[in-house]
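Report on the structure given below.
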Amino acid sequence: MNPQTEANKDLWKAIYNTGDLQHCFNCSTCISGCPASFGDPPLLVRNLARKVMYGLEEALFEDDTPWACVSCSRCEEMCPMDVKPFEMILHIRQWQASNDETRVPPSIVEIYKRGYTQAVGTNVETRQALGLDPLPIITNNPEQLAMFREMLMKTPVIAANDYMFGG
Amino acid sequence: MAENKPIGTVLVAGAGISGIKAAIELAETGYKVLLTDSSTQVGGILAKLDYQFPSDHCGMCRMLPMVGREYSSEYCMRKSLYHENIEILPFTEVVSVAGDAGKYKVELKKRARYVNSEVCNELGKCIEACPVETADEFNHGLTKRKAIYKSVPHNVPQLLLIDKSVCTECGECVKVCSTGAINLHAQDEVETREVHAIVLASGVKLYNTKEYEDAKSYAVSPDVVTSLAFERMLSGTGTYRDGIIKRPSDGKPAKKIAWIQCMGSRNKRQNRDYCSSVCCMFALKEAVLAKEKGGDDVETTIFYMDMRTFGKGFQQYRANAEEEHGVRLVRCRVQEVVREPDGNLRIRYFDPETNEFQIAHYDIVVMSTGQVPFDDHRKWAELVNGELSPTGLLATEKYSKVRLAGKQGIFMCGSLMGLTDISEAMASGIAAAGEATSFLNAIGTDKVSFEDIAEPVTDDRQLPKAAVLLCKCGEFAGAEGIDLEMIKNEVMKHRGVGTVHVVNSICSEEGQKEALDVLKKAKCNRLLIGACQPFMYRRKVRDIAKKAGYNSSLVQIFDLLGIARRGTEEASKLAWTRRTITEIKADLESIKQKPALHVQSVPINPTALVVGGGIGGMHSALSLANRGIPVHLVEKSGELGGFAGNQIAATVDGLKPMTMAKDLKLKVFEHSKITVHLNSQVAKTQGTLGAFESKIVSDGNDQKTYLHHGAVIMATGGHEGKTDEYGYGQSERIVTQFEFKQQLESGAIDLSTVENVVMIQCVGSREAGKREYCSRICCMWAIANALKIKEMNPEVRVYVLYRDIMTYGFLEQYYTKARAAGVIFVNYDLNSKPQVEVADGMPVMRFTENILNTEVEISPDYLVLSTGVDPEATNKELAEAFSLPLNDDGFFSEADSKWRPIEFKQIGSFLAGAAHSPMPLPDVIMQAEAAAQKAYTYLSGGSINTARVISTVKDALCIRCQRCIAACPFEARSYNAAEHRIEVDPAGCQGCGMCAVACRNNAAEVSGWSDKQMMSVIDAKLADDLQPSTAS
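Protein sequence lines correspond, in order, to chains D and X. For the first sequence, the residue numbers in my numbering are 18 to 184. For the second sequence, the residue numbers in my numbering are 67 to 1098.
Okay, structure coming up:
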């Protein structure tokens, strides 16, 4: 990577102009407990912040992981430098979407396929050990899943790209 | 004296180690000290720490004065502190401060203990009787205590107290107390005292994981503890027993332990954008100890952001912890600790080594908690009407870390300045005492003077005959005490005893008068005194002995209550009495065989030599000269000021070293007590303690001068290091931080044409075979230059390639500021150093971007190298000339890296500033002040009594192997080639006995500790042949 030729050093102004991002010192707090960091590819908030700081426009534009965020806001709660990483993710999504109106994030396909962006329903043993009931997930209930998909098909972004959803 | 000047009195508020150090320094100088502490004991945080790095032992006693130890009555600082000039007031708060400089009225609130410690015999029956149990805060709740308790388990004497917040006032303790020491209705007492100066040393509040929100996702189990609590888990008076580090929840041996750094610190969101400075070393030490105490199979992991090993020897300790002890360091701040159903603690982290997430389970997680200083500073600002800085800390005078801004006669030291390690606590305590001494001197107060009783001339050939005095304190001779009559009768029968006499209260004046009469009549030549807490009035007892014609070295003080304190369970009156008799007999054997030791008094030339005319050297010289000490200031160059004073116009924190140096130079040249020797070097020094002669060579050998002095301060400074790495020398665009700073300031660099600047930290530093230490100031230099660039042209991209950013303390805010300005910090490690080539005269670089895990190529307009700080090359010659030690890095080696940072083992030799290690200017000035204070106390004494217990050489047995010379930690032994014998410098020897241990032929012996004598003591202890009582 050559930041002299590949980077737009003012990218942060276009994406997340609050000045909070600059405080990041790459401590990894945001990623170490992030539920979306279990995904494949993982959501690595820290790395997104780094890409914005360097101004790696192209790489960031192609990056779909911001859409894997489940909005749990833990990074926001725990970030010692008050970067407000969750805000940053929303801003990256906005920037990506507003620069490409036809963009269909893969997470929407995930939601369509299994009802969630993330693989929930894991942690079966831990739930058992703690005496909790198994999580009722929608893929175990075909009737509801069909209703759910029908409903999603009515949203503009899916209706316009129904070929991606087996429609 | 005749003018009736008042004795200078100083309030030292806070009896942690820095406060104790300040108090001892002042007391040794001859001033009176009121030493208060709001807690129930003295010692502060250190009372809880059994082990300190780098030795991983306790070494608190090393902060005690090295000269005249026999009068100071102190031996173990963990047990307690005694000094006749120090009045210790624990459990006492400063409620108000009124008055003006030099005439402060302080209101002190002594909180009620409900146990009168003057009457209490510490037998602890009350503790057994007390039905109330509660968590023991000394052990951080890991153990229980009663409502009536001993606040520190290892203190002597024990000061018991009642915790009224849990006491039910059932009165059980009052019933069993035989001395009537307990008063459940005692009240707090307020008294007003007048003092001339005040030293604030109250330490700092620590981050409390129960109080703050952001600790909640970590403190999920009793097995998640703070670093201070973990210290108690390693302590024998804590929960470390049977060689097991016990997991608090179930007592299971802990085998996997993790540390989480920066708990509460470096957190801008919580308004704590500072580093707590000490936690990195604390965690490293705890991890090493955990392995030593818990067994080799203990796994230790430290989760950190930057490992801040900025102090002297810190980097080497880290390397050793990693390489020798296998302590694992993971650069990742974890988000949470999860308690698994089986009780284990789960941590998920991103491993930068593998670039993958890992999950690990631990038995114990230690939170490295730091400081929360603002409340303490606000409190003091209100009390003394002091100024607060914009950060919310007590403002100090510019360049000074210890003088409060605008407040004459008020100083601070220790962790109140920001959490300090032991060495900085010591240096700041001495510096605060130095400033206070200068102040007391200036306002014209007097010092305490002692009646100097000459040692009587005694005849060493007389057969030993001992007088025994036993103190009859009504309390312990009571129903459960010992039988003094029986002791008297039995001891009288012992061979070599001339008289046994029971005195009523030897601590009182009448008791002392009675003792003097008895001794005069007894015509003995040895004295054994049995009393309670005898260490409290050792000087008094020796003075009485001298007055009665006894050699004061032949006085043995026996702690009559000692056996009781050691807690004999079978304590029937008879058993006790018998043990006491045996112990007294053993002590009698010891003094019977002891040769009389005669004090030598060596006069001191009250002149100081300061080597190095930088800012530190000039400060030391002025500080001494202002107190009337003549000073020779020797500078090798033609100009005073040194590196900072001649080359650095301004620092990032607003200091102006060149302006300051100019001002100091004027004062130095104008001062009638200071003689400046420019273009001069010390070629040779000879002489003995207190009277040195140094040969000064000036103007390139043309001129030779001989200076006479009693003390020397090494203030030789340092300079920016050199390098041939990273293309330095091949391009004018590859420069050092200092060169870059100069070019920026002179306008030689046109930033409007510059697009990229890359800086590399730790060039040739913290690396085996190179500068193996951290130079401490380079991170700040880089940040200052980076901020300057951004200020002049925000469009320039600045990359700082670093290994660990060392912005400790409130310097952290500059690091934050630099990032906020858009400076990009990229971490690298020694395995993937940045690559630099020079093409067309310009640097071309490759480095690894550690977060994105990609290679970066860049052609910066400037490559700036942080090349560290080198010691002065002349240190080597000076070390030889003065016989002072250098460390492997070429800096001078102080007597003890923690407890005696300002002095050498060689008495009368001190050091300050970069002669010690690289440090920022305010620290140089603090050390310079501390060195001046140490020299002042030493020189103003006029003469020095050589240590009494010194080692000797039996020439007939000595084989001249010189092992003892190598073993002597005080370099008091030397080989005299002309006479072919080993010699002992009587003033240098501290009687530690290392030579006697090292000697294979019993030729080295410490007087008063001969083998014959020790054998007699052992025989006496074993021959407990006392028949069941024939006495009353």
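Every residue, glycine too, gets a C-beta built ideally from N, C-alpha and C. Only a predicted model underlies this, so the values are computations on that prediction, with no experimental measurement involved.
Would you call the CB atoms of Leu931/X and Ile800/X closer than 8 Å? yes
Problem set entry | Proximal residues to Lys531/X (C-beta, below 7 Å), its chain only, five neighbours per side dropped | Gly562, Gly564, Cys590, Asn591, Arg592
Residue environment, Thr305/X, which counts as buried when at least 16 other CB atoms sit within 10 Å: buried
Report task. State the Cα-Cα distance for the pair Gly544/X and Val232/X, rounded to the nearest angstrom. Result -> Any reading at Gly544/X needs caution, since the residue's pLDDT is 44, under 50, leaving its predicted position unreliable; the model's value is listed next. Their backbone Cα atoms lie some 31 Å apart in a straight line.
* Asked: Does the pairing of the region 884 to 897 of chain X with the region 782 to 799 of chain X give three or more beta-carbon distances under 8 Å?
  -> no
Please determine, among Cys236/X, Thr741/X, Pro223/X, the residue with the shortest C-alpha to C-alpha distance to Ile214/X. Cys236/X
Within 8 Å (strictly less), CB to CB, does Ser45/D reach chain X?
yes
**Asked** Is the beta carbon of Lys971/X sitting closer than 8 Å to the one on Phe891/X?
**Response** no
Checklist entry - Which word fits Cys398/X, buried or exposed, when buried means at least 16 other C-beta atoms lie within 10 angstroms of its C-beta? => result buried
Worksheet item: Are the C-beta atoms of Phe913/X and some chain D residue less than 8 Å apart?
Response: no
Would you kindly check if the distance between the Cβ of Gln118/X and the Cβ of Ile488/X is under 8 Å? yes
Is Ala267/X closer than 8 Å to Met478/X when the C-beta atoms are compared? yes
- [ ] Please name the residue or residues paired with Glu811/X in a DSSP beta bridge.
- [x] BP columns for Glu811/X are empty, so no partner.
Notebook entry, point to check: Quick one: does Lys68/D have its CB under 8 Å from some CB of chain X?
Noted result: yes
Proximity of Ala887/X and Lys856/X at Cβ, strictly below 8 Å: yes
Query - Within chain X, partners of Ala85/D - CB distance below 7 Å - result: Ordered by position in chain X, no residue passes the 7 Å Cβ test against Ala85/D, which lies about 15 Å from the chain.
Practice problem: Name the two residues that bound the continuous beta strand (DSSP E) containing Thr1018/X. | Solution: 1017 to 1019
Q) Going straight from the alpha carbon of Gln381/X to that of Tyr839/X, what length do you get? A) 6 Å
Reducing DSSP to helix, strand and coil, say where Gln21/D ends up. helix
Q. In whole angstroms, what separates the C-alpha of Leu350/X from that of Gly475/X?
A. 38 Å
Just the chain X side, please: which residues come within less than 7 Å of Asp99/D by C-beta, in chain order?
Lys334, Arg335
message = Quick check on the DSSP output: what are the complete beta strand (DSSP E) runs of length 3 or more inside the region 194 to 267 of chain X, in order along the chain?
response = 199 to 201, 210 to 212, 214 to 216, 226 to 228, 255 to 261, 263 to 266
Exercise. Tell whether a beta-carbon distance below 8 Å holds between Arg128/X and Trp965/X.
Key: yes
- With a Cβ-Cβ cutoff of 8 Å, do Leu227/X and Leu155/X count as a contact? no
Opening and closing residue of the beta strand (DSSP E) in which Asp316/X lies: Premise fails: Asp316/X is in no beta strand (DSSP E) and is neither H nor E.
Own chain, CB closer than 8 Å to Arg1026/X, minus 5 neighbours either side, in chain order: Tyr1041, His1046, Arg1047, Ile1048
Can you give me the C-alpha to C-alpha distance between Glu74/D and Lys68/D, rounded to a whole angstrom? 8 Å
Item to check | Outcome for Glu861/X when other beta-carbon atoms lying within 10 angstroms are tallied against a minimum of 16 | outcome: exposed
Look at the alpha carbon of Leu877/X and the alpha carbon of Leu149/D, and state the distance between them as a whole number of angstroms. 49 Å
Relative to the ligand COA, is the shortest distance from any of its heavy atoms to the C-beta of Ala996/X smaller than 7 Å?
The ligand COA is not part of this structure, which contains no ligands at all.
According to DSSP, is Ile323/X helix, strand or coil? strand
- prompt: Any idea if Met164/D is buried or exposed, counting beta-carbon neighbours within 10 angstroms, 16 or more meaning buried?
  reply: exposed
query = Ala641/X to Cys1061/X, Cα distance in whole Å?
reply = 39 Å
* CA-CA distance, Gly472/X and Lys606/X? -> 42 Å
Answer yes if the region 245 to 261 of chain X comes into contact with the region 170 to 182 of chain X, meaning at least three C-beta pairs across the two stretches below 8 Å, and no otherwise.
yes
**Report entry** Minimum Cβ-Cβ distance from Lys433/X to chain D less than 8 Å
**Finding:** The identity of residue 433/X in the sequence shown is Met, whereas the question assumes Lys. Output row for Met433/X: interface = no.
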